[in-house]
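Q:
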Amino acid sequence: MIYRNFSLKQYNTFGLDYRTECFISIKSEDDLINYIAEGQKFPLPWLILGGGSNILFTEDFPGTILHPENEDINIEERTSDHVIVSVGAGTNWDRFVEWCVDNDLGGTENLSLIPGNSGAVAVQNIGAYGVEVKDIIHKVKAINLHTGKEKSFSNEECRFGYRDSIFKHEEKGNYLITRSYYKLNIRHIYSLNYGSLEEEVKRLGAKNLRNIRQAVINIRQSKLPDPGLIGNAGSFFKNPVVSNQMAEELKNKYQHMPMFEDPSGNKKLAAGWLIEQCGWKGKRIGDTGVHEKQALVIVNYGKATGKQIYDLSESVKKSVFEKFGIALEREVELVGAI
Ligand SMILES: Cc1cc2nc3c(=O)[nH]c(=O)nc-3n(C[C@H](O)[C@H](O)[C@H](O)COP(=O)(O)OP(=O)(O)OC[C@H]3O[C@@H](n4cnc5c(N)ncnc54)[C@H](O)[C@@H]3O)c2cc1C
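Using this note's numbering, you'd call the opening residue of the sequence shown number 275 and step up by one each time.
1. Find the nearest neighbour of K425 within the set R433, I440, I400 and I451, judged by alpha-carbon distance.
2. I need the straight-line Cα distance from G324 to I307, nearest angstrom please.
3. Which residues bound the alpha helix (DSSP H) around L608?
4. Does ligand 1 have a heavy atom nearer than 7 Å to the CB of F316?
5. Quick test of the definition: if touching needs 3 or more C-beta pairs under 8 Å, does the region 485-501 touch the region 538-555?
6. I'd like to confirm the pairing. Which residues does DSSP put opposite A396 in its beta bridges?
7. Smallest Cα separation from E312: which of H420, F280 and V361?
8. Rounded to whole angstroms, what's the CA-CA distance from K315 to Q568? Just pull it up for me.
9. Anyone know if the C-beta pair for L458 and L379 falls short of 8 Å?
10. Within this structure, are the beta carbons of F598 and L524 separated by less than 8 Å?
11. Closest to K442 by C-alpha separation, out of G390, G563, V606 and C374, would be which residue?
12. Excluding the 5 residues flanking L602 on each side, which residues of the same chain have their C-beta closer than 7 Å to its C-beta?
13. I believe E295 touches T353 by the beta-carbon criterion, under 8 Å. Please report the beta-carbon distance rounded to the nearest angstrom.
14. Going by DSSP, name the residue or residues bridged to C296.
15. DSSP state of N526, grouped into three classes?
16. Confirm the yes/no value for this check: CB of L449, any heavy atom of ligand 1, distance under 7 Å.
17. Under a three-way DSSP split, which group does G546 fall into?
18. Taking the C-alpha atoms as reference points, what is the distance between G508 and L387?
19. In the DSSP assignment, the beta strand (DSSP E) including N506 goes from what residue to what residue?
20. Threshold first: 4 residues or longer. Then list the alpha helix (DSSP H) segments lying entirely within the region 421-485, N to C.
21. Under three-state DSSP, which class holds N518?
22. Using a Cβ-Cβ cut-off of 7 Å (strictly less than) and excluding sequence neighbours within five positions of G560, which residues of its own chain qualify?
23. So is the beta-carbon of P319 under 7 Å away from any non-hydrogen atom of ligand 1?
24. How would you write the range of the beta strand (DSSP E) that R604 sits in, first residue to last?
25. Where does E596 land, buried or exposed, given buried means 16+ other C-beta within 10 angstroms?
26. Quick one: give me the first and last residue of the beta strand (DSSP E) that I411 is part of.
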């Protein structure tokens with residue numbers, strides 16, 4: 275289906291009422307290939323949009339938005355210890371996590387309640403509670419938006435990093451991911467070392483996929499604003515990774531600064547803590563603000579514009595740099611002029 279001059283209010287979790295020149299809902303891989311063949315009919319630039327939970331629009335979009343809506347989950351292969359499952363890009367991510375738990379397949383449970391659709395999770399390499407989606411992705415299938423040809427990317431070819439993949443670099447805007455394949459465990463390996471997760475699971479009872487999912491949901495709901503009630507895109511910034519030398523200097527100056535080992539061998543800092551130390555937590559400017567429970571989340575109380583949200587984020591960034599000498603990097607993608 276093709277819509278012209280279409281409102282994006284329901285398609286971005288900041289709830290911003292910008293419009294796009296053209297919006298195409300894509301129900302199948304064949305649909306997409308046909309649209310690409312007729313490409314000249316649809317205004318440029320093209321942007322792929324899933325649930326819009328990691329995007330900040332700052333103005334109307336002058337081109338075409340491609341919105342995958344192929345929703346299906348299929349078991350592709352079963353062995354004695356794992357199952358390969360494929361998921362259509364338009365499937366809501368948390369619906370897929372629930373399906374995995376219902377089918378007693380392990381691997382996604384720590385990633386419960388992350389908003390958005392399955393097509394985007396490999397782009398961002400979503401992560402939460404000590405797990406990243408790269409740990410379970412087997413491969414992704416994508417269609418080249420210039421040629422209409424299909425290509426499979428193995429886990430290695432996706433070049434996953436911290437909230438990062440090849441789809442944010444060399445292949446940015448080149449491929450629409452139509453389907454992802456996950457290797458899920460029949461014999462479960464639980465990852466409970468993050469924060470209060472183990473404690474919450476214990477409170478719920480037995481250690482199993484269902485209770486881990488519920489524990490993650492409980493913790494997330496107690497800390498993060500529901501985008502259905504207050505516009506937001508989750509963590510606005512990435513947690514910065516600094517050299518061990520810089521970490522040591524910071525520790526000498528700020529003894530309570532939280533630090534974690536990063537797989538790179540360096541130290542990861544908590545961006546939320548840095549922002550909080552600069553006095554931003556709970557601060558409101560007009561209709562935008564820094565969330566009262568989680569300083570890493572910037573919110574739209576209702577009538578903020580994308581530019582106002584962006585300006586606030588820049589002020590936050592500036593104070594963190596002035597106080598700690600650390601340049602925060604945005605996790606949320608900016609679409610539009612500033
Ligand atoms: C309350 C809240 C909590 C959150 N918590 C977490 C968290 O714990 N961990 C975490 O990692 N993230 C978190 N996020 C961020 C967000 O949910 C994830 O990044 C999610 O995967 C984005 O999915 P989406 O469908 O909304 O993507 P969108 O925002 O629509 O798109 C994000 C990017 O992916 C591209 N894209 C989308 N679909 C496709 C496709 N099919 N093919 C190719 N490119 C595509 C878009 O062009 C864009 O560049 C949170 C967000 C919110 C609002």
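Quick reminder that beta carbons are idealized off the backbone N, C-alpha and C, glycines included. Note that this is a predicted model, so its numbers are computed, not measured.
A: Walking through what the data contain:
1. The candidate whose alpha carbon is nearest that of K425 is I451.
2. Roughly 18 Å between the two C-alpha positions.
3. Element bounds for L608: not the alpha helix (DSSP H) but the beta strand (DSSP E), E607 to V609.
4. It does not: the Cβ of F316 is nowhere closer than 7 Å to a heavy atom of ligand 1.
5. No: fewer than three Cβ pairs fall under 8 Å.
6. The partner list for A396 (beta bridge, DSSP) is empty, contrary to what the question assumes.
7. Taking only the C-alpha atoms, the option nearest E312 is H420.
8. Pairing K315 with Q568, the inter-Cα distance amounts to about 44 Å.
9. Yes, they are a contact pair.
10. A contact, by the Cβ cut-off of 8 Å.
11. Out of G390, G563, V606 and C374, V606 has the C-alpha closest to the C-alpha of K442.
12. In its chain, beyond the 5 residues on either side, F511, P514, A545, K591 and V594 have a beta carbon closer than 7 Å to the beta carbon of L602.
13. Not confirmed; about 48 Å, so no contact.
14. Beta-bridge pairing links C296 to R278 and T338.
15. In the structure shown, N526 sits in a helix (DSSP, three-state: H, G or I).
16. The amino acid at residue 449 is misidentified as Leu; the sequence shows Tyr. Closer than 7 Å to some heavy atom of ligand 1: that describes the Cβ of Y449.
17. Three-state DSSP puts G546 in a helix.
18. Straight-line Cα distance between these residues: approximately 11 Å.
19. Where N506 is concerned, the enclosing beta strand (DSSP E) stretches over G505 to S509.
20. If we require 4 residues or more, the alpha helix (DSSP H) runs fully inside the region 421-485 come out as 471-478.
21. DSSP, reduced to helix, strand and coil, places N518 within a helical segment of the structure shown.
22. Cβ neighbours of G560 beyond the five flanking positions: A578 and Q582.
23. Because no heavy atom of ligand 1 lies under 7 Å away, the Cβ of P319 does not count as near it: no.
24. Neither: R604 is in no beta strand (DSSP E) and is coded neither H nor E.
25. With fewer than 16 other Cβ atoms within 10 Å, it is exposed.
26. For I411, the enclosing beta strand (DSSP E) begins and ends at I411 to N418.
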